[in-house]
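Residue numbers (this note's numbering): 136 to 264.
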């Protein structure tokens, strides 16, 4: 049996199936939802959160509760649903490094061309396509 569908992981798999595919699919069939940007933003944020949970499910079940890799441990071990503090801190740390690097480079290379003689003219006509 797959490690990802035993020891409590089957409930998370069902949650992901329903809330990452079925519910968003049915919601996006609604025309009013697609015409309301606020609702679309909320749905997009929900999908991002569920995607993080999905990635967590791909990575975590391959390890036993003691943290040892299943393929290198002799004997039978079941995958146990557990959350380590590093599972929460690591994405925050990587995201923090990414934002630090982004803003460091943004100071050196601004998004708008400062000093461009046509910048004011370009910004005036902004908003039309």
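For every residue, glycine included, the Cβ atom is placed at its ideal position computed from N, Cα and C.
Computed from a predicted structure; not experimentally measured.
Legend entry - Where the alpha helix (DSSP H) containing residue 159 begins and where it ends: Residue 159: member of the alpha helix (DSSP H) spanning 158-163, first to last residue.
Inset, instruction - Rounded to whole angstroms, what's the CA-CA distance from residue 220 to residue 226? Just pull it up for me. - result: Residue 220 and residue 226 have their C-alpha atoms roughly 11 Å apart.
Legend entry - Inter-stretch contact at 8 Å, needing at least 3 Cβ pairs: the segment 176-187 / the segment 229-246: Contact between the segment 176-187 and the segment 229-246 is absent, because fewer than three Cβ pairs lie under 8 Å.
Legend entry - CA nearest to the CA of residue 158, picked from 182, 244 and 218: Looking at the Cα atoms, 182 is the closest of the given residues.
Legend entry - Coarse secondary structure for residue 251, derived from DSSP in three states: Residue state, collapsed to three classes: coil.
Inset, instruction - To the nearest angstrom, report how far apart residue 151 and residue 177 are at their CA atoms. - result: For residue 151 and residue 177, the distance between alpha carbons rounds to 17 Å.
Inset, instruction - Quick one: give me the first and last residue of the alpha helix (DSSP H) that residue 172 is part of. - result: Counting along the chain, the alpha helix (DSSP H) containing residue 172 begins and ends at 172-194.
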